[in-house]
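In this note's numbering, the protein residues as written are 940 to 1304.
For glycine and all other residues, C-beta sits at the position ideal for the given N, C-alpha and C.
Please read the structure below before turning to the comments.
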């Protein structure tokens, strides 16, 4: 994810600088970013340089790339579970972290709001071989928790929990009409879709329901955020397990016709245009050729066997490996063969979900 900035429909670089007038007066407090140029002009020039290069030059440039005024580069985010066994009456210890590709360090996210408390159960002695899912999506530069299980097998979230990395803040989304322990969840063009699933018990209406939540509404008008009901599904067959729906060419795909023969593992869409899939039994990363209706091999790596999840952003496909302690990063934009490298989880932690979002903003560099 190095050397990539996040394309976004947010204000332009120039407007972003205008939103931070303190940047124009920054030269009063430290050495100019570029001698002879006002800092706001220097920032425009430096925004064309890869962040990894800027970070290696000097401290003022290193501070700049993490400031709210600078175009954010992409970082890997993970939801971690501690590997220590928890007593049955306690919720599992869940941690949220971001991997900074410049420093190659995992950075903790600020804790979620204390009220209501976030109490999630992932492991249960009655289901030794199955982890209860925690479902989340990345949308419009935010990390959104959608569904999970609490004690006594109740839905853990009555409303989505939203983290904005640029402002380092958590917020609550609109209440779900029916909180779920799991469902089919996905995004397309800044809209979150939730379909089917199970709440505290099986319900036919919930199993056939489809709802959407448009995050394109400005953040300062959160009170207008709401879920909108859509046409129901024909049946409740998608309620049996947690499903990652893939937004692709105006559709939300879960197992579309034509791809059935080759869809053999976690999948993700790059810019909602190209679907990548991990053949978890063979350790292969493939992409879908919609013209020939076939899957084309991109990479072959033993660490891809048993893959749990895949995300595709900025020319990279990140794959959560079987043990949850490693994340494979595949550079699919590079000249073949695709380059693969590993990002290791912090000691004592196991990832249960990954996403790629703008880097955390912070000034203590």
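Consult DSSP for residue 1240 and reduce its assignment to one of helix, strand or coil.
coil
What is the residue span of the beta strand (DSSP E) that residue 1018 lies within?
1013-1021
For residue 978, which three-state DSSP category applies?
helix
For the beta strand (DSSP E) that contains residue 993, what are its first and last residues?
First-last for residue 993: 990-994, but that is the alpha helix (DSSP H), not the beta strand (DSSP E).
For residue 1151, which residues of its own chain have a beta-carbon under 8 Å away from its beta-carbon, when the five flanking residues on both sides are left out?
1130, 1131, 1132, 1133, 1166, 1167, 1169
Can you find the residues in the same chain that come closer than 8 Å, C-beta to C-beta, to residue 1023, ignoring five residues on each side of it along the sequence?
1032, 1287
Reduced DSSP category for residue 1146 - H, G, I as helix; E, B as strand; rest coil:
helix
Is the region 1095-1103 in contact with the region 1135-1150, if contact means three or more CB pairs nearer than 8 Å?
no
Give the DSSP-derived three-state secondary structure of residue 1069 in the structure shown.
coil
Are the region 1253-1273 and the region 1002-1019 touching, with three or more C-beta to C-beta distances below 8 Å?
yes
Would you call the CB atoms of residue 1087 and residue 1105 closer than 8 Å?
no
Can you tell me which of 1189, 1155, 1077 puts its alpha carbon nearest to the alpha carbon of residue 1250?
1077
Take residue 1126 as the anchor and find which of 1186, 1209, 1260 has the nearest alpha-carbon.
1186
Are the beta-carbon atoms belonging to residue 1074 and residue 1121 less than 8 Å from one another?
yes
From the DSSP output, read off the bridge partner residues of residue 1203.
DSSP output for residue 1203 lists no bridge partner at all.
Could you give the distance in angstroms between the alpha-carbon of residue 1301 and the alpha-carbon of residue 1140?
43 Å
Do residue 1049 and residue 1297 have their CB atoms nearer than 8 Å?
no
Just verifying my parser: in three-state terms, what is the DSSP assignment at residue 1278?
strand
What are the start and end residues of the beta strand (DSSP E) that includes residue 1127?
1121-1127
Where residue 1155 sits in the DSSP three-state scheme
coil
To the nearest angstrom, report how far apart residue 1041 and residue 1172 are at their CA atoms.
45 Å
Could one say the Cβ of residue 1128 lies closer than 8 Å to chain D's Cβ atoms, at least one of them?
This model lacks chain D altogether; it includes just one protein chain.
Just how far apart, CA to CA, sit residue 1053 and residue 1020?
19 Å
Just curious, the alpha helix (DSSP H) that residue 1003 is in, first and last residue?
998-1003
Less than 7 Å between C-beta atoms, sequence neighbours within five positions excluded: which residues of the same chain meet that for residue 1240?
1222, 1267, 1279
Residue 915 - DSSP class collapsed to helix/strand/coil
An answer regarding residue 915 cannot be provided, because it is not within the stretch 940 to 1304 covered by the chain.
Whether residue 985 touches residue 1000 by CB criterion (8 Å)
yes
Per DSSP, which residues does residue 1181 bridge with? Please list them.
Answer is none; residue 1181 lacks a bridge partner.
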